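J.: Chains as they are written, first to last, in the numbering used here: chain A, 701 to 921; chain B, 701 to 921. Just so you know, even glycine gets a beta-carbon here, dropped at the ideal spot from N, CA and C. Quick caveat, the model's predicted, so the values are computed rather than measured.
2 protein chains.
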Amino acid sequence: MRHVPHLYISGPWEAPELSLSDAHLRHLSSVLRLAAGAPVTYTDGAGSRGDGWFRGDRIERGEESGSAPMSPQVVVASAPPRTSARLRFVVEKLAELGVDRLIWLQTRFGEGRPPRMNKATAWAEAALEQSRGIWLMGIEGPVPLTQLDSSTLWVAERESKPPPSVVNGGTLVIGPEAGFAEGEIPAAARRLSLGSRVLRVETAAIAGATVLLEKSGRLSQ
Amino acid sequence: MRHVPHLYISGPWEAPELSLSDAHLRHLSSVLRLAAGAPVTYTDGAGSRGDGWFRGDRIERGEESGSAPMSPQVVVASAPPRTSARLRFVVEKLAELGVDRLIWLQTRFGEGRPPRMNKATAWAEAALEQSRGIWLMGIEGPVPLTQLDSSTLWVAERESKPPPSVVNGGTLVIGPEAGFAEGEIPAAARRLSLGSRVLRVETAAIAGATVLLEKSGRLSQ
């Protein structure tokens, strides 16, 4: 069972054929050894998707469709974990799962630093292709918590309480492993319990995003 | 905010003092520079937990308590992903989240191989300590799906249907990226939808385990 290759090609698409990046070209020709005329799908990462054909060095466009943004939006605002492998897992897994935006948080006790933006974007683009999505995860920050709308926040916490059964999206806040400083969390923020275990930043981000997506009905859209 | 070190020391505990492995000793003395007399917690990974003190080269036991096994049990049976980083991620994250057992699956189209057992066990033990748990995740396999009780299976699938709102534990089955062969999934197995995205093995394992733990009430125990 082999999937048709799914390509992220940023828009706007104007000509009847789309040119391929060197990386795409190498992947399609040398790694996948795709024959000219083979079917591919493509997306602009902004809700549009097309069925086209590989034409050696470009894509011939075929039938295309656009979608409205996913609703409700699910955002993750996370302190960066400390190692490159864990940073990459956060970006890649949240992008695969369909999180809409990832915001790196600046916190008092945080020790990690966000990856370079072009690196993080490349991870998110690869995850979009891998997962055959049509919405590219946005990446922003670093910003302090005070710059986010506090009424939409869900702060992940180590606590044994069931989450609400239905949630209308929002921004999941993942603190650094050393925790938040006193007063750092806005009073209006709600709490999302992720059980009694102490989770690493990337584990809390992925598990918390899964709970928030599922409770918001986003896994059944 | 510094956590008291939490140590996995396998039982049965008989003497009033527990001796430390070389790795523990190095970590406590050289990395954490723990002073003699400093408090630690310890677990046998089988439901017991104690509050004790670091005594230079061993642990003095203090108050101890035991717990009944978590209920309902949540098991993940997964095809091994293909790279070492992703294998490690599966073991580490499932152990952190509190999955009870991980069974490596032998499948027709699977391309990955399970990690060596002593390596996988070391990852699970480190995750137990990190997450301050008291139940060490068991690791088994590889076995084919036919060796598992088919009435307890939940097969993760790419589908946009809401999961049942309450689940009584069970075994989450994660296929290889190439999918299952015809007839490989027992007819009695139930399906657990994880949304319309194509997820990598490790992403499906972690997100699926989160959904199964949450729907089984295990995140609120």
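Thinking C-beta only, is tryptophan 804 (chain B) closer than 8 angstroms to arginine 761 (chain B)?
T.: One-based indexing of the second sequence puts residue 761 (chain B) at position 61. One-based indexing of the second sequence puts residue 804 (chain B) at position 104. In this structure, tryptophan 804 (chain B) does not lie closer than 8 angstroms to arginine 761 (chain B) by Cβ.
J.: Specify the secondary structure class of glutamate 717 (chain B) as computed by DSSP and reduced to three states.
T.: The sequence position of residue 717 (chain B) within the second sequence is 17, counting from 1. Here glutamate 717 (chain B) sits in strand by DSSP.
J.: Tell me where the beta strand (DSSP E) around valine 778 (chain B) begins and ends.
T.: Here residue 778 (chain B) is taken as the residue at index 78 of the second sequence, counted from 1. Per the sequence shown, residue 778 (chain B) should be read as serine rather than valine. Its beta strand (DSSP E) spans residues 774-778.
J.: Would the region 798-814 of chain A count as touching the region 771-783 of chain A if we require 3 or more Cβ pairs under 8 angstroms?
T.: Contact between the region 798-814 of chain A and the region 771-783 of chain A is present, because at least three Cβ pairs lie under 8 angstroms.
J.: Please state whether DSSP places histidine 706 (chain A) in a helix, a strand or coil.
T.: Within the first sequence, numbered from 1, the residue matching residue 706 (chain A) stands at position 6. Histidine 706 (chain A): strand per DSSP, three-state reduction.
J.: Do you know offhand how far threonine 741 (chain B)'s Cα is from arginine 858 (chain B)'s?
T.: By one-based count along the second sequence, residue 741 (chain B) stands at place 41. By one-based count along the second sequence, residue 858 (chain B) stands at place 158. Each residue's Cα considered, the two are about 42 angstroms apart.
J.: Serine 831 (chain A) lies in the beta strand (DSSP E); which residues open and close that run?
T.: Against the first sequence, residue 831 (chain A) aligns to sequence position 131. Here serine 831 (chain A) belongs to no beta strand (DSSP E); instead the alpha helix (DSSP H) covers 817-831.
J.: What are the start and end residues of each continuous beta strand (DSSP E) run of 3 or more residues lying completely inside the region 711-757 of chain A, in chain order?
T.: Counting whole runs of 3 or more residues, the region 711-757 of chain A contains the beta strand (DSSP E) stretches 717-719, 739-743 and 748-754.
J.: With a threshold of 8 angstroms on Cβ separation, who are the neighbours of serine 748 (chain B) within its own chain once the five nearest residues in sequence on each side are excluded?
T.: Along the second sequence, one-based indexing puts residue 748 (chain B) at 48. Same-chain partners within the cutoff: Gly711, Trp713, Glu764, Ser765, Gly766, Ser767 and Ile834.
J.: Measure the CB-CB distance between proline 876 (chain A) and glutamate 811 (chain A) and report whether it falls below 8 angstroms.
T.: Here residue 876 (chain A) is taken as the residue at index 176 of the first sequence, counted from 1. Here residue 811 (chain A) is taken as the residue at index 111 of the first sequence, counted from 1. Their beta carbons are under 8 angstroms apart, which means proline 876 (chain A) touches glutamate 811 (chain A) by this criterion.
J.: Just how far apart, CA to CA, sit glutamate 840 (chain B) and lysine 819 (chain B)?
T.: Within the second sequence, the letter at position 140 stands for residue 840 (chain B). Within the second sequence, the letter at position 119 stands for residue 819 (chain B). Distance between the alpha carbons of glutamate 840 (chain B) and lysine 819 (chain B): 13 angstroms.
J.: For chain B, is any of its Cβ atoms less than 8 angstroms away from the one on proline 780 (chain A)?
T.: If you number the first sequence from 1, residue 780 (chain A) lands on position 80. By this cut-off, proline 780 (chain A) is not an interface position.
J.: Let me know if threonine 852 (chain A) comes out buried or exposed under the rule of 16 or more other beta-carbons within 10 Å of its beta-carbon.
T.: Looking up residue 852 (chain A) in the first sequence gives position 152. Threonine 852 (chain A) comes out buried.
J.: Note down, in chain order, every chain A residue with its Cβ under 9 angstroms from the Cβ of isoleucine 906 (chain B).
T.: Here residue 906 (chain B) is taken as the residue at index 206 of the second sequence, counted from 1. Neighbours of isoleucine 906 (chain B) on chain A, chain order: Lys793, Thr903, Ile906, Ala907 and Thr910.
J.: In the DSSP assignment, what residue or residues form a beta bridge with glutamate 857 (chain B)?
T.: Position 157 of the second sequence, counted from the start, is the residue given in the question as residue 857 (chain B). Glutamate 857 (chain B) is bridged to B:Ser893.
J.: Quick one: what does DSSP say serine 931 (chain B) is sitting in, helix, strand or coil?
T.: No statement about residue 931 (chain B) is possible, as the shown extent of chain B runs from 701 to 921 and does not include it.
J.: CA-CA distance, arginine 726 (chain B) and arginine 733 (chain B)?
T.: The residue given as residue 726 (chain B) occupies position 26 in the second sequence. The residue given as residue 733 (chain B) occupies position 33 in the second sequence. Near 9 angstroms, if we compare the C-alpha coordinates of arginine 733 (chain B) and arginine 726 (chain B).
J.: Please list the residues of the region 860-891 of chain A that have a C-beta atom closer than 8 angstroms to any C-beta atom in chain B, keeping them in chain order.
T.: So the close ones are Ser860, Lys861, Pro862, Pro863, Ser865, Ala878 and Gly879.
J.: Do the CB positions of serine 865 (chain B) and glycine 895 (chain B) come within less than 8 angstroms of each other?
T.: Within the second sequence, residue 865 (chain B) is the residue found at index 165, counting from 1. Within the second sequence, residue 895 (chain B) is the residue found at index 195, counting from 1. The answer is no: Cβ separation not under 8 angstroms.
J.: List the residues that DSSP assigns as beta-bridge partners of proline 886 (chain A).
T.: Position 186 of the first sequence holds residue 886 (chain A). Bridge partners of proline 886 (chain A): none, in fact.
J.: Starting from glycine 784 (chain A), follow the alpha helix (DSSP H) in both directions and report where the run begins and ends.
T.: For the purposes of this step, residue 784 (chain A) is taken as the residue at position 84 of the first sequence. Per the sequence shown, the amino acid found at residue 784 (chain A) is serine instead of glycine. Looking at the DSSP string, the run of the alpha helix (DSSP H) that includes serine 784 (chain A) is 784-797.
J.: In angstroms, rounded to a whole number, what distance separates the CA positions of alanine 715 (chain B) and glutamine 830 (chain B)?
T.: The residue given as residue 715 (chain B) occupies position 15 in the second sequence. The residue given as residue 830 (chain B) occupies position 130 in the second sequence. In a straight line, the C-alpha of alanine 715 (chain B) is about 25 angstroms away from that of glutamine 830 (chain B).
J.: Quick one: which residues of the region 820-854 of chain A get their C-beta closer than 7 angstroms to a C-beta of chain B? List them in chain order.
T.: Residues Gln830, Ser831, Arg832 and Gly833.
J.: Quick check on the DSSP output: the alpha helix (DSSP H) that includes threonine 910 (chain A) runs from which residue to which?
T.: Indexing the first sequence from 1 puts residue 910 (chain A) at position 210. Start and end: 901-915.
J.: What span of residues does the beta strand (DSSP E) with glycine 838 (chain A) cover, start to end?
T.: Here the question's residue 838 (chain A) lines up with position 138 in the first sequence. 838-844 is the span of the beta strand (DSSP E), which, as asked, contains glycine 838 (chain A).
J.: Looking at proline 842 (chain A): is its Cβ nearer than 8 angstroms to the Cβ of lysine 915 (chain A)?
T.: In the first sequence, residue 842 (chain A) corresponds to position 142, counting from 1. In the first sequence, residue 915 (chain A) corresponds to position 215, counting from 1. No, these two residues do not count as a Cβ contact at 8 angstroms.
J.: Here's the rule I'm using: 16 or more other beta-carbon atoms within 10 Å means buried, otherwise exposed. How should methionine 817 (chain B) be labelled?
T.: Here residue 817 (chain B) is taken as the residue at index 117 of the second sequence, counted from 1. Exposed, since its Cβ has fewer than 16 Cβ neighbours within 10 Å.
J.: By the criterion of Cβ-Cβ separation under 7 angstroms, what are the contact partners of alanine 723 (chain A) in chain B?
T.: What you label residue 723 (chain A) is simply residue 23 of the first sequence in a count that begins at 1. Chain B residues near alanine 723 (chain A): none, gap ~19 angstroms exceeds 7 angstroms.
J.: Out of B:Arg782, B:Thr807 and B:Ser771, which one is the CA nearest neighbour of glutamine 921 (chain B)?
T.: As a first step, residue 921 (chain B) is located in the second sequence; it is residue number 221 there, counting from the start. With distances taken between Cα atoms, glutamine 921 (chain B) lies closest to B:Ser771.
J.: Taking C-beta to C-beta, are alanine 699 (chain A) and methionine 837 (chain A) nearer than 8 angstroms?
T.: Only positions 701 to 921 of chain A appear in this structure, which leaves residue 699 (chain A) out of reach.
J.: Quick check: leucine 899 (chain B) and glutamate 882 (chain A), are their CB atoms within less than 8 angstroms of each other?
T.: Within the second sequence, the letter at position 199 stands for residue 899 (chain B). Within the first sequence, the letter at position 182 stands for residue 882 (chain A). No, these two residues do not count as a Cβ contact at 8 angstroms.
J.: What does phenylalanine 789 (chain A) reach in chain B if we use C-beta pairs closer than 7 angstroms?
T.: The sequence position of residue 789 (chain A) within the first sequence is 89, counting from 1. Within 7 angstroms Cβ-Cβ: Phe789.
J.: Using a Cβ cut-off of 8 angstroms, pull out every chain B residue sitting near valine 774 (chain A), in sequence order please.
T.: By one-based count along the first sequence, residue 774 (chain A) stands at place 74. Neighbours of valine 774 (chain A) on chain B: none; closest Cβ ~12 angstroms, over 8 angstroms.
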